[in-house]
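See structure below.
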Amino acid sequence: SATPRSVHAMVDAAVMKKNNRVVCISWKGKNAELIYSDGSQIQIEENPFAWFSKQILVNGSTLQGRIDAFRRLIQASQKPCILISERSQDLYFPTKGLSNSHCQWYLYQEVISVDKINESHTDIHTRSGQILTADVNIRTVQLQMKRCAEFLNAINPV
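Each number in the numbering used here corresponds to the 1-based position in the sequence shown with 550 added.
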């Protein structure tokens, strides 16, 4: 039987896990690498689309439905952002085209600022204090963040 101390430890671990969000998803070969807000990284034996599909399905939608909705509401055909859930508002933006194996997805709500490193690299600063480097121009990241804001405004009318 669990002692009160171990129950508290389990609750603390569950709270930490809940607050530990995936801030970046990228391709690693045929699989995906997830970077969490606590700085930990794991590789999973599925590609980013399979991971997104599972996250979205438990929230009652499909990956293709999310992509279609974003494209329709924002009138943008390239680099669609992916909403995980209306409830959490978790929205990931891609750095490159969806078919590009160098594409990374960042959690919009976790990004607090971006800095230009050079013409083809941008530092992304997260709420948890991480600095992640995207291999795209800062204008690409800024445009994607603008699209995220437009999309969230479109699905959350005042």
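Using N, Cα and C, we set each Cβ at its ideal position, and we do this for glycine too.
Given 7 Å as the limit, tell me if residue i has its C-beta closer than that to any heavy atom belonging to the ligand PLP.
i: Q639; result: Because no ligand of any kind appears in the structure shown, any question about the ligand PLP cannot be addressed here.
In or out: residue i buried (at least 16 other Cβ within 10 Å) or exposed?
i: L607; result: exposed
i: H660; result: Note that residue 660 is Glu in the sequence shown here, rather than His. By the 10 Å Cβ count, E660 comes out buried.
i: Q593; result: exposed
i: S576; result: buried
Quick check on this structure: which residue in the options has the alpha carbon closest to the alpha carbon of residue i?
i: P630; options: V572, R621, E669, R571; result: R621
i: L613; options: R571, T683, A684, I634; result: I634
i: S649; options: F599, L693, I681, S590; result: F599
i: P644; options: A684, P707, I705, N581; result: A684
i: Q654; options: I632, N703, Q639; result: I632
i: S678; options: I667, S590, S638, R637; result: S590
i: K580; options: Q639, W601, D588; result: W601
i: I662; options: I674, S670, E669, E636; result: I674
Give the DSSP-derived three-state secondary structure of residue i in the structure shown.
i: D562; result: Note that D562 scores a pLDDT of 46, beneath 50, so its modelled location is shaky and nothing firm can be said.
i: E700; result: helix
i: V684; result: The identity of residue 684 in the sequence shown is Ala, whereas the question assumes Val. Of the three classes helix, strand and coil, the one that applies to A684 here is strand, per DSSP.
Compute the beta-carbon to beta-carbon distance between residue i and residue j, rounded to the nearest angstrom, for a pair I have assumed lies under 8 Å.
i: L657; j: V573; result: 5 Å
i: T676; j: I688; result: 16 Å between Cβ atoms; not a contact.
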